[in-house]
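Student:
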Amino acid sequence: MQAPELAVSRWFNTPTPITLAALRGRVVMLHAFQMLCPGCVAHGTPQAQRAHALFRDSDLAVIGLHTVFEHHAAMTPVSLEAFIHEYRLSFPIGVDQPTESGPIPVTMARYAMRGTPTAILIGRDGRIRHHGFGQEDDMALGAIIGTLLAERAP
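Residue numbers for the sequence shown follow UniProt numbering, so the first one is 1 and each next one is one higher.
1) Comparing alpha-carbon positions, which option in G44, E86, H52, T16 lies nearest V27?
2) Quick one: what's F33 bridged to in DSSP?
3) Is the number of C-beta pairs between the region 112 to 131 and the region 19 to 37 that are closer than 8 Å three or more?
4) Which one of L36, T67, T118 has the shortest CA to CA distance from S9?
5) Contact criterion: CB-CB distance below 9 Å. Does L148 meet it with respect to chain B?
6) Can you give the Cα-Cα distance for E136 and A48, rounded to whole angstroms?
7) With a threshold of 7 Å on Cβ separation, who are the neighbours of A3 within its own chain once the five nearest residues in sequence on each side are excluded?
8) What residue range does the alpha helix (DSSP H) around D138 cover?
9) Could you tell me which of T118, A73, I144, T107 sits nearest to E5, measuring between CA atoms?
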């Protein structure tokens with residue numbers, strides 16, 4: 001399946017907005033999280049930060065997506081900015097665009113995410129190659145990333 005474009009209302013840790021179209025030819029790790037999600041704080045977000053640091057000099061682009069589907073009043077961009085600072089997150093993070101029709105934000109719905117944390121790996125061809133939900137082993141995720149990085153660009 002071709003990866004749908006991200007719908008982001010605000011970006012952190014990047015001077016310009018990021019699009020998947022602009023990243024075509026690179027491998028993308030999309031880390032969807034909520035700052036009040038215990039699994040995200042304990043495992044998913046640190047894992048994304050480690051991947052960002054470990055693969056810094058490769059063709060892997062790590063992108064965070066703060067996708068709020070509950071506790072909307074508590075998880076504002078101002079709170080997220082403090083969270084990013086306190087946890088020293090250095091990868092680009094977008095705020096998933098909310099919808100007026102319900103609690104599920106746009107990108108979360110486009111990708112049919114079941115919750116957070118979610119790790120989605122997109123190949124160089126723009127196709128979704130892995131769609132994981134919950135805690136995933138670093139070695140298993142790293143093996144998939146390594147395989148995708150070894151593939152030739154389309």
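Glycine included, every Cβ here is placed at the ideal spot set by N, Cα and C.
Tutor: So, from the listed chains and residues:
1) H52
2) H66
3) Verdict: yes, contact present.
4) T67
5) The structure shown contains no chain B; it is built from a single protein chain.
6) 11 Å
7) L20, I122, G126, R127, I128
8) 138 to 150
9) T107
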